[in-house]
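Some notes on the structure that comes next.
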Amino acid sequence: MSEAIKPKIAGYHRHLLLCTGPRCAADGAAQALFDSLGAKFKAAGLDSGELRVKRTRAACFAACKGGPILCVQPDGTWYYGVTDAVMDRIVSEHLVGGQPVSDHVFHQATACPTSTASE
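Following my numbering, the numbering of the sequence shown begins with 9 at its first residue and continues without gaps.
In structure tokens:
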């Protein structure tokens, strides 16, 4: 058996996780929203450089009510009811402007403490 090759990934500022599971949104709406993100990121200048955003489909977050559900990391911001129009606001207000779209946030995680080496 051959040894696994260590993968490489381009740097990014934020990582969006979008639930595309069938219980989160009917008729493939979440998948269509996911598919639109590349163009939205490019239009906002989030497809390269220091503000680059990575996107990943998630099968289920076990928070199916009010989907599609979106999680923005490392911010720990969880959104519900993410339509195309809401996503446009998230891109411009949160990803570019740095301010979460509070009327669609259902959970805000607290920041993980930064560990430092002990004496």
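No residue lacks a Cβ here, since even glycine has one placed at the ideal position from N, Cα and C.
Query, Result
"Asp35 versus Leu41: straight-line alpha-carbon distance, rounded", "12 Å"
"Stretch-stretch touch, CB-based, cutoff 8 Å, three pairs: the segment 49-59 with the segment 92-111", "yes"
"Option nearest Asp92 by Cα separation, candidates His23, Leu45, Thr28", "Leu45"
"Same chain only: Cβ atoms within 6 Å of Val90, ignoring 5 sequence neighbours per side", "Pro76, Leu78"
"Local conformation of Gln116 per DSSP, three classes", "strand"
"Buried versus exposed call for His21 [16 or more other C-beta atoms within 10 Å across all chains shown]", "exposed"
"For Asp85, the residue or residues it bridges with in DSSP", "Checking the sequence shown, residue 85 turns out to be Thr, not Asp. Bridge partners of Thr85: Val80, Gln116."
"Per-residue burial, Thr28 [other beta carbons within 10 Å of its own, 16 or more giving buried]", "buried"
"Local Cβ density within 10 Å of Ala38, reported as buried at 16 or more and exposed below that", "buried"
"Leu24 and Val94 closer than 8 Å at C-beta", "no"
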